[in-house]
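S.K.: Residues are numbered in our numbering as their position in the sequence shown, beginning at 1, plus a constant of 1. Idealized CB from N, CA, C, for every residue including glycine. The structure is given below, and queries will be raised subsequently.
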Amino acid sequence: ESNPLKRAADRVSEALRPDTGPEEGIPGKPGAETPPVDEPVKPRGPLPPKPDQRGPDTYSPTGQATGVDQAEVAQGGSRLTNAQGTRLPDSDHSLKAGPRGPVLLQDHHLREKVMHFDHERIPERVVHARGAAAHGVFQGYGTATEVSKAAFLAKDVETPVFVRFSTVLGSRGSSDTVRDTRGFATKFYTSEGVFDLVGNNMPVFFIQDAIKFPDVIHAGKPHPDREIPQAQSAHDTFWDFVTLHQEATHHTLWNMSDRGIPRSYRMMEGFGVHTFRLVNAEGTTTLVKFHWKPRLGTHSLVWEEAQLINGVDPDFHRRDLADAIEAGAFPQWELGIQVFPDTPEQTFEGIDLLDPTNLVPEELAPVRPIGLLTLNANPSNFFAETEQVAFHVGHLVPGIDITDDPLLAGRLFSYLDTQISRLGGPNFGQLPINRTHAPVNDMLRDGMHQTAVHRGVAPYRPNSLDGGCPFQTGAADGGYVETPVQLPAARKVREAPESFADHFSQPRRFWLSMSPVEREHIIGAYTFELGKCYEQSVKERALRVLATIDGELCAGVAAGLGLPAPEPIEEVPPVAPSPALSQLGSTWPVDGRIVGVVTDGTTGLDGVRAVRQAVLDAGMVPLVIAPTGGVLGAGDDAVTVQRTYVTARSVEFDAVLVAGTPGPGQDAFGARDAKAAAGAGGATDPRVGLLLAEAYRHGKALGGWAGAEAAFTAAAVPADAAGVVLAEDGPGALRGVVELLGAHRVWDRFATTG
Ligand code: HDE
2 ESNPLKRAAD RVSEALRPDT GPEEGIPGKP GAETPPVDEP VKPRGPLPPK
52 PDQRGPDTYS PTGQATGVDQ AEVAQGGSRL TNAQGTRLPD SDHSLKAGPR
102 GPVLLQDHHL REKVMHFDHE RIPERVVHAR GAAAHGVFQG YGTATEVSKA
152 AFLAKDVETP VFVRFSTVLG SRGSSDTVRD TRGFATKFYT SEGVFDLVGN
202 NMPVFFIQDA IKFPDVIHAG KPHPDREIPQ AQSAHDTFWD FVTLHQEATH
252 HTLWNMSDRG IPRSYRMMEG FGVHTFRLVN AEGTTTLVKF HWKPRLGTHS
302 LVWEEAQLIN GVDPDFHRRD LADAIEAGAF PQWELGIQVF PDTPEQTFEG
352 IDLLDPTNLV PEELAPVRPI GLLTLNANPS NFFAETEQVA FHVGHLVPGI
402 DITDDPLLAG RLFSYLDTQI SRLGGPNFGQ LPINRTHAPV NDMLRDGMHQ
452 TAVHRGVAPY RPNSLDGGCP FQTGAADGGY VETPVQLPAA RKVREAPESF
502 ADHFSQPRRF WLSMSPVERE HIIGAYTFEL GKCYEQSVKE RALRVLATID
552 GELCAGVAAG LGLPAPEPIE EVPPVAPSPA LSQLGSTWPV DGRIVGVVTD
602 GTTGLDGVRA VRQAVLDAGM VPLVIAPTGG VLGAGDDAVT VQRTYVTARS
652 VEFDAVLVAG TPGPGQDAFG ARDAKAAAGA GGATDPRVGL LLAEAYRHGK
702 ALGGWAGAEA AFTAAAVPAD AAGVVLAEDG PGALRGVVEL LGAHRVWDRF
752 ATTG
């Protein structure tokens, strides 16, 4: 009894005696009655701590006693403390030898405060540094259970998600509306572990092999000598790369199309890009491509608008997402899959499914909806959530597997590796935003920033000391088993398959699928970007690439550059257009759209009030624009001004309404002093004129009532132009404008204004 070693030995043999019944469903391990000869077959948790051992009491990261759910609490109490919880009397003055004397090194609070501040920044993501994110929920429709056994896809299962949208090239502080691809990364906290769908808003990628990723990113990032231009592809190295690697042609064309400048994250499609392999409960496999379809439709800015926003509101997309969620206009997407048989060739209608520069037209393989994503909450802390979230294409759950796309293979390595320098070690999975909602028992131990206090003595398998735990799980009980795909006998080579060699028929299909106005925008984008290049040879090579996609495209850009249109590089076999690739030609819900209502601040306030209410009733956001801030009118009928002639700019609005006109002798739309207005014969304030002229040029719906015509005339907007609704009263004008908004823009106007 008094021998401590003997006591410990007794404790161990006591603990090793199986004390729980056989756990159900451990394959190949029937409950054993006879004493184990090797591994225990009945699971039992790790040994309890020895009498001399005790774990830390459970406190939150900054010291709150955690009753139940306090682990997330990062601050407590109302008193300022240092990091050790000691209360402080003063955080504004360093400890000094007299008020005018030297600061003392012994001031721990000063040193701790500055030390922590010095290390507040972590390295930004090497790509996709600029982003915005939101929490939400995914609801399975059950339509995918035929092809995948993933639990979260089953009917009506609700799974919490976190989605981060991003640009690719810019730094963390760069502008939102640059021409670029957008990231669309979704973390599903499923009951079977985390599944990450790390996609983009374009279905194809620049390169076919991950080994070129550092190269394409080096080419797209700012030049290494002066570190310019920021967040742009309009420079020599980008165009040098994408014209020398012609596999980049398709993705580049998408970037130069309206897809490169989305109106909002809420109005973007998302794509998994690679082909994935789904596995159903019977073990049957299917190849699929993932699509996110936005309920509000896929819409874009126009280029001048995007450029203006970069100055006027560089946070445009981030603000839009947060505002919409705050207002209860929760963005939604349907998740869909294109389904292909898993044949040994892994092709569909002649399209190589392993080549990430290919898409499969929806006309050939329709997108089948399998669930609904709703974003319903903004993050409460940007750093802890949006910045620290770590996605990984290798975070898969049973029922979803990968294919041999060589681009995907490289990603499977990169996303783990990059977190080591970005998040400072291998334990990033323990950060609150990255924690799985399924129990974890992983035998991973120690390392930088370890916050778990693991129990037991045997983090290895097999073991007999921790009751054999953790036990392994076969496919029948929810274990993740890689599909035993048959591999062809092969030589080890550094080569791409012959089927990866066609770089032009897919871009040509995209071009042929565009409407005239979309083509015009594409020509404009290439002309702008190549016009920013200095190297003549780069421009000339780019024109040859364009000539190979399409003669009209090349001729348009060549004319803009003042260069001759060259011959194509090769003959492209005929392809059929895919109408689904065009963003035009349908109507969509208008909720969350921003409608500006311009008033001179004095006349027609009843109309302003009525329109404001009608805009809200239609699920949109009214912003009243008046000469100065404050409140218009009085009492219950007062209308608050949201934008003034100084703070409003057309790019913020999807549509603009002009309320009434001044009566004779009155100020016209806020000309700043009455004398000036009278002198100019009641001139429209130039800022209102600019607002209307820009909105008109950008194809936006315009409306007005009670003689608003004067303001349009002053802005050189013909009152009878397409998409200008002049009505008797405000609600009438709004009705017309809402109808136009359903098509996103007044597309006819581009044809007339060029
Ligand atoms: Fe990524 N990518 N990527 N990528 N990617 C990263 O991971 C990488 C690719 C995508 O909001 C990095 O955690 C390689 C395709 C998104 O946090 C890094 C290759 C697609 C995000 C990385 C690709 C993407 C990333 C940087 C070529 C669309 C942002 C920080 C083989 C299907 C995720 C990080 C977020 C981020 C590597 C190509 C999407 C370096 C090597 C194709 C949405 O690991």
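For the putative contact between F166 and F185, defined by C-beta atoms under 8 Å, what is the C-beta separation to the nearest angstrom?
M.R.: Here residue 166 corresponds to residue number 165 of the sequence shown, with the count starting at 1. Here residue 185 corresponds to residue number 184 of the sequence shown, with the count starting at 1. At roughly 6 Å, the Cβ-Cβ gap stays under 8 Å, so F166 and F185 are in contact.
S.K.: Check whether the Cβ of Y266 lies closer than 7 Å to any heavy atom of ligand 1, and answer yes or no.
M.R.: Residue 266 sits at position 265 when you count from the first residue of the sequence shown. No - ligand 1 has no heavy atom lying nearer than 7 Å to the Cβ of Y266.
S.K.: Looking at S172 and ligand 1, is the gap between the Cβ and the nearest heavy atom below 7 Å?
M.R.: Numbered from 1 along the sequence shown, position 171 holds the residue referred to as residue 172. Every heavy atom of ligand 1 is 7 Å or more from the Cβ of S172, so no.
S.K.: Of the choices V518, T187, T244 and D210, whose alpha-carbon is the least far from that of W334?
M.R.: Walking along the sequence shown from the start, residue 334 turns up at place 333. Selected option, being the one with the closest Cα: T187.
S.K.: Beta carbon of N359: closer than 7 Å to some heavy atom of ligand 1?
M.R.: Here the question's residue 359 lines up with position 358 in the sequence shown. Every heavy atom of ligand 1 is 7 Å or more from the Cβ of N359, so no.
S.K.: By the three-class DSSP mapping on this structure, what secondary structure does A728 have?
M.R.: Counting from 1 along the sequence shown, the entry for residue 728 is found at position 727. Reduced to three states, the DSSP call for A728 is strand.
S.K.: In its own chain, which residues sit with a C-beta less than 7 Å from the C-beta of R736, not counting the 5 before and 5 after it?
M.R.: One-based indexing of the sequence shown puts residue 736 at position 735. Answer for R736: no residue qualifies.
S.K.: From L606, A615, L617 and V657, pick the residue whose C-alpha is nearest to that of G634; which is it?
M.R.: Counting from one through the sequence shown, the residue named residue 634 turns up at place 633. Comparing Cα positions, the closest option is L606.
S.K.: Does the beta-carbon distance from S258 to I523 come in below 8 Å?
M.R.: As a position in the sequence shown, residue 258 is number 257, starting the count at 1. As a position in the sequence shown, residue 523 is number 522, starting the count at 1. Their beta carbons are under 8 Å apart, which means S258 touches I523 by this criterion.
S.K.: In the DSSP assignment, what residue or residues form a beta bridge with E159?
M.R.: On the sequence shown, position 158 is the one that residue 159 refers to. In DSSP, E159 forms a bridge with Q140.
S.K.: Identify the residues that DSSP records as bridge partners of S167: which are they?
M.R.: Numbered from 1 along the sequence shown, position 166 holds the residue referred to as residue 167. Partner(s): G132 and G184.
S.K.: Terminal residues of the continuous alpha helix (DSSP H) containing W599?
M.R.: To locate residue 599, count along the sequence shown from 1; it is residue 598. Strictly speaking, residue 599 in this sequence is Val, with Trp absent from that position. Counting along the chain, V599 falls outside any alpha helix (DSSP H), though it belongs to the beta strand (DSSP E) covering I595 to V599.
S.K.: Is any non-hydrogen atom of ligand 1 found closer than 7 Å to the C-beta of F206, if you look at the structure I gave you?
M.R.: For this step, residue 206 is matched to residue 205 along the sequence shown. Yes, since a heavy atom of ligand 1 falls inside the 7 Å radius drawn around the Cβ of F206.
S.K.: Excluding sequence positions up to five away, which residues of its chain have a Cβ less than 8 Å from the Cβ of T404?
M.R.: Stepping through the sequence shown from its first residue, residue 404 is reached at position 403. Same-chain partners within the cutoff: H275, T276, F277, R278, L288, Q347, L354 and L355.
S.K.: Excluding sequence positions up to five away, which residues of its chain have a Cβ less than 7 Å from the Cβ of K676?
M.R.: Translated into positions along the sequence shown, residue 676 becomes position 675. Low confidence applies here, because K676 scores a pLDDT of 42, under 50, leaving its location unreliable; read the following figure in that light. Cβ neighbours of K676 beyond the five flanking positions: none.
S.K.: Starting from A656, trace the beta strand (DSSP E) both ways and give me its first and last residue.
M.R.: In the sequence shown, counting from the first residue as 1, residue 656 sits at position 655. Run containing A656: A656 to V659, per the beta strand (DSSP E) assignment.
S.K.: With a cut-off of 8 Å on the beta carbons, I'd call V625 and V642 a contact; round off their distance for me.
M.R.: Here residue 625 refers to the residue found at position 624 of the sequence shown. Here residue 642 refers to the residue found at position 641 of the sequence shown. Yes, V625 and V642 are in contact; Cβ-Cβ is about 5 Å, under 8 Å.
S.K.: Which residue from G597, V368, T160 and A556 puts its Cα closest to that of P295?
M.R.: Numbered from 1 along the sequence shown, position 294 holds the residue referred to as residue 295. For the residues G597, V368, T160 and A556, the minimum Cα distance to P295 belongs to V368.
S.K.: With burial defined as no fewer than 16 other Cβ atoms inside 10 Å of the residue's Cβ, what is the status of T387: buried or exposed?
M.R.: Locating residue 387 in the sequence shown gives position 386, where the first residue counts as 1. Buried.
S.K.: As an exercise, report each continuous alpha helix (DSSP H) stretch of at least 4 residues that is fully enclosed by the stretch 354 to 423, in chain order.
M.R.: Those alpha helix (DSSP H) runs which fall completely within the stretch 354 to 423 and span 4+ residues are 407 to 423.
S.K.: Given a cut-off of 8 Å on the beta-carbon distance, is the pair D655 and V596 in contact?
M.R.: The residue given as residue 655 occupies position 654 in the sequence shown. The residue given as residue 596 occupies position 595 in the sequence shown. Contact: yes.
S.K.: When you compare only the Cα positions, how much space is there between R88 and H94?
M.R.: Along the sequence shown, one-based indexing puts residue 88 at 87. Along the sequence shown, one-based indexing puts residue 94 at 93. Each residue's alpha carbon lies about 15 Å from the other.
S.K.: By how many angstroms is the C-alpha of V539 removed from the C-alpha of G562?
M.R.: Indexing the sequence shown from 1 puts residue 562 at position 561. Indexing the sequence shown from 1 puts residue 539 at position 538. It is Leu, not Gly, that sits at residue 562 in the sequence shown. In a straight line, the C-alpha of L562 is about 12 Å away from that of V539.
S.K.: Can you confirm whether the stretch 417 to 434 touches the stretch 503 to 513 when touching is taken to mean that 3 or more C-beta pairs between the two stretches lie within less than 8 Å?
M.R.: The stretch 503 to 513, when compared against the stretch 417 to 434, does not touch it at the 8 Å Cβ threshold.
S.K.: So which of L106, R613, V616 and V718 has the shortest CA-CA distance to R698?
M.R.: The residue you call residue 698 lines up with position 697 of the sequence shown. If we check each option's Cα against that of R698, V718 comes out closest.
S.K.: What ranges does the beta strand (DSSP E) occupy inside the stretch 565 to 599, keeping only unbroken runs of at least 3 residues that lie completely in it?
M.R.: Correct list: 595 to 599.
S.K.: In its own chain, which residues sit with a C-beta less than 6 Å from the C-beta of P471, not counting the 5 before and 5 after it?
M.R.: On the sequence shown, residue 471 is found 470 positions in, with the first residue counted as 1. For P471, where only same-chain residues beyond five positions count, the Cβ hits under 6 Å are N442.
S.K.: When the Cα atoms are used, what is the spatial distance from A543 to A133?
M.R.: As a first step, residue 543 must be located in the sequence shown, where it is residue number 542. As a first step, residue 133 must be located in the sequence shown, where it is residue number 132. Each residue's alpha carbon lies about 33 Å from the other.
S.K.: When you compare only the Cα positions, how much space is there between S192 and F392?
M.R.: Counting from one through the sequence shown, the residue named residue 192 turns up at place 191. Counting from one through the sequence shown, the residue named residue 392 turns up at place 391. Approximately 17 Å, taken between the alpha carbons.
S.K.: Could you tell me which uninterrupted alpha helix (DSSP H) segments, each at least 4 residues in length, are contained entirely in the stretch 605 to 636, listed from first to last along the chain?
M.R.: List check, alpha helix (DSSP H) in window: 606 to 618.
S.K.: Just mark I123 as buried or exposed, buried being the case when its beta carbon has 16 or more other beta carbons within 10 Å.
M.R.: In the sequence shown, counting from the first residue as 1, residue 123 sits at position 122. With fewer than 16 other Cβ atoms within 10 Å, it is exposed.
S.K.: Using 8 Å as the Cβ pair cut-off and three pairs as the minimum, do the stretch 433 to 447 and the stretch 241 to 249 touch?
M.R.: No, the stretch 433 to 447 is not in contact with the stretch 241 to 249.
S.K.: For a cutoff of 8 Å on Cβ pairs, would you count T82 as touching chain C?
M.R.: Given the protein chain composition of this structure (a single chain), no chain C is represented.
S.K.: Using only CA atoms, which one of L374, E521 and G284 lies nearest to P485?
M.R.: For this step, residue 485 is matched to residue 484 along the sequence shown. Out of L374, E521 and G284, G284 has the C-alpha closest to the C-alpha of P485.
S.K.: Could you tell me the boundaries of the alpha helix (DSSP H) in which F505 lies?
M.R.: To locate residue 505, count along the sequence shown from 1; it is residue 504. Unbroken run through F505: none, as it is neither H nor E.
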